[in-house]
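Numbering (full-length UniProt numbering), first residue to last: 1 to 290.
Right, dumping it as structure tokens:
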């Protein structure tokens with residue numbers, strides 16, 4: 001049985017300062033579900049990843065990383081004639097990170113319901129999906145819906161991370177409707193403080209809701225009780241990947257049968273590891289390093 005099944009879009013990522021002036025940049029691969037899968041695999045959990053990449057060097061690199069980290073990529077697909085999506089991250093002093101998406105028509109955005117293996121999801125302990133993948137287009141959204149339906153029919157636990165990216169949605173209203181639909185189908189919900197208003201219908205007492213409060217740490221409401229954890233005071237290199245790392249740590253602890261407070265603690269540990277690295281996932285710990 002697979003511990004966690006997830007689906008998303010693997011991406012290339014170029015990180016630099018202000019591009020019009022910089023002469024150097026860093027190339028990596030990323031994606032919220034990508035980071036989560038690697039993090040869980042490093043902690044000894046079995047994780048399967050469904051996605052599409054182009055028949056290009058970025059796609060090959062993404063597959064190489066996933067295989068090397070021990071993630072099950074049996075359901076991954078290489079799309080001939082399509083390119084792997086790309087992110088451009090520009091960091092500037094005293095300003096928020098600027099992210100530009102180059103993913104329109106990418107291989108990953110062509111993920112479709114027919115690609116979703118109903119039986120494999122039904123044989124997993126947990127399904128993890130994100131609002132980012134749901135925002136890639138109607139086919140990707142229907143693939144997420146198909147995966148959620150398969151999990152519900154098989155009584156598999158569903159984890160949903162809101163991951164709201166405004167650039168991917170036609171309007172805030174459409175984002176609210178879709179994200180609330182998916183959040184209401186989930187047993188475990190991850191979101192940032194500024195995403196609470198997007199999924200108000202899902203914020204009910206019976207749902208386990210984990211809120212990232214930024215510098216204030218994180219909190220969870222589980223079994224009608226609230227628990228909190230402070231963030232670790234560590235040197236921050238890059239905050240990209242912190243949320244996905246936190247979710248992976250929390251899910252890992254849940255799979256290990258730990259308490260909500262212990263789940264928050266492990267999530268905070270992985271988040272701290274992520275922000276101290278230039279990569280979303282390369283600095284994440286193994287089980288022995290926890």
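We put the beta carbon where it would ideally sit given N, CA and C, even for glycine.
Identity of the residue in the options nearest residue i by Cα
{"i": "residue 67", "options": "267, 262 and 41", "result": "41"}
{"i": "residue 16", "options": "57, 245, 97 and 251", "result": "97"}
{"i": "residue 112", "options": "138, 91, 93 and 48", "result": "138"}
{"i": "residue 26", "options": "254, 103, 12 and 164", "result": "12"}
{"i": "residue 320", "options": "208, 114, 14 and 74", "result": "What the structure shows of the chain is the stretch from 1 to 290, and residue 320 is not part of that stretch, so it cannot be assessed."}
{"i": "residue 70", "options": "49, 88, 82 and 89", "result": "49"}
{"i": "residue 181", "options": "170, 195, 201 and 21", "result": "201"}
{"i": "residue 37", "options": "121, 150, 228 and 72", "result": "72"}
{"i": "residue 228", "options": "235, 3, 210 and 236", "result": "210"}
{"i": "residue 152", "options": "171, 230, 236 and 121", "result": "121"}
{"i": "residue 234", "options": "251, 274, 213 and 212", "result": "274"}
{"i": "residue 23", "options": "56, 197 and 90", "result": "90"}
{"i": "residue 172", "options": "155, 195, 154 and 127", "result": "195"}
{"i": "residue 127", "options": "146, 102 and 57", "result": "146"}
C-beta atoms of residue i and residue j nearer than 7 Å
{"i": "residue 44", "j": "residue 79", "result": "no"}
{"i": "residue 116", "j": "residue 129", "result": "no"}
{"i": "residue 291", "j": "residue 76", "result": "An answer regarding residue 291 cannot be provided, because it is not within the stretch 1 to 290 covered by the chain."}
{"i": "residue 179", "j": "residue 218", "result": "no"}
{"i": "residue 85", "j": "residue 9", "result": "yes"}
{"i": "residue 249", "j": "residue 226", "result": "no"}
{"i": "residue 6", "j": "residue 33", "result": "yes"}
{"i": "residue 107", "j": "residue 82", "result": "yes"}
{"i": "residue 62", "j": "residue 93", "result": "no"}
{"i": "residue 19", "j": "residue 47", "result": "no"}
{"i": "residue 118", "j": "residue 74", "result": "no"}
{"i": "residue 183", "j": "residue 199", "result": "yes"}
Beta-ladder partner(s) of residue i, from DSSP
{"i": "residue 81", "result": "BP columns for residue 81 are empty, so no partner."}
{"i": "residue 49", "result": "6"}
{"i": "residue 130", "result": "161"}
{"i": "residue 98", "result": "90"}
{"i": "residue 26", "result": "15"}
{"i": "residue 252", "result": "According to DSSP, which records beta bridges pairwise, residue 252 is partnered with nothing at all."}
{"i": "residue 192", "result": "212"}
{"i": "residue 221", "result": "209 and 226"}
{"i": "residue 124", "result": "2"}
{"i": "residue 72", "result": "48"}
{"i": "residue 137", "result": "BP columns for residue 137 are empty, so no partner."}
{"i": "residue 54", "result": "79"}
Contacts around residue i, its chain only, beta-carbon distance under 6 Å, and the 5 residues preceding and following it disregarded
{"i": "residue 35", "result": "241, 244, 280 and 281"}
{"i": "residue 254", "result": "263"}
{"i": "residue 168", "result": "135"}
{"i": "residue 141", "result": "134"}
{"i": "residue 100", "result": "88"}
{"i": "residue 163", "result": "32, 130, 131 and 132"}
{"i": "residue 170", "result": "none"}
{"i": "residue 102", "result": "86"}
{"i": "residue 261", "result": "227"}
{"i": "residue 56", "result": "83 and 84"}
Same chain only: Cβ atoms within 7 Å of residue i, ignoring 5 sequence neighbours per side
{"i": "residue 1", "result": "123, 124 and 125"}
{"i": "residue 193", "result": "211, 212, 213 and 214"}
Cut-off 8 Å between Cβ atoms - residues of its own chain near residue i, not counting five sequence neighbours on either side
{"i": "residue 232", "result": "268, 269, 271 and 272"}
{"i": "residue 215", "result": "231"}
{"i": "residue 39", "result": "244, 245, 248, 249, 252, 270, 281 and 284"}
{"i": "residue 205", "result": "221 and 224"}
{"i": "residue 287", "result": "42, 43 and 44"}
{"i": "residue 236", "result": "275 and 276"}
**Message:** Would the stretch 183 to 194 count as touching the stretch 154 to 165 if we require 3 or more Cβ pairs under 8 Å?
**Reply:** yes
**Message:** Could you check whether the stretch 236 to 249 touches the stretch 274 to 282, counting it as contact only if at least three pairs of C-beta atoms, one from each stretch, sit closer than 8 Å?
**Reply:** yes
**Message:** Pairs of beta-carbons, one from the stretch 211 to 226 and one from the stretch 168 to 182, closer than 8 Å: are there three or more?
**Reply:** no
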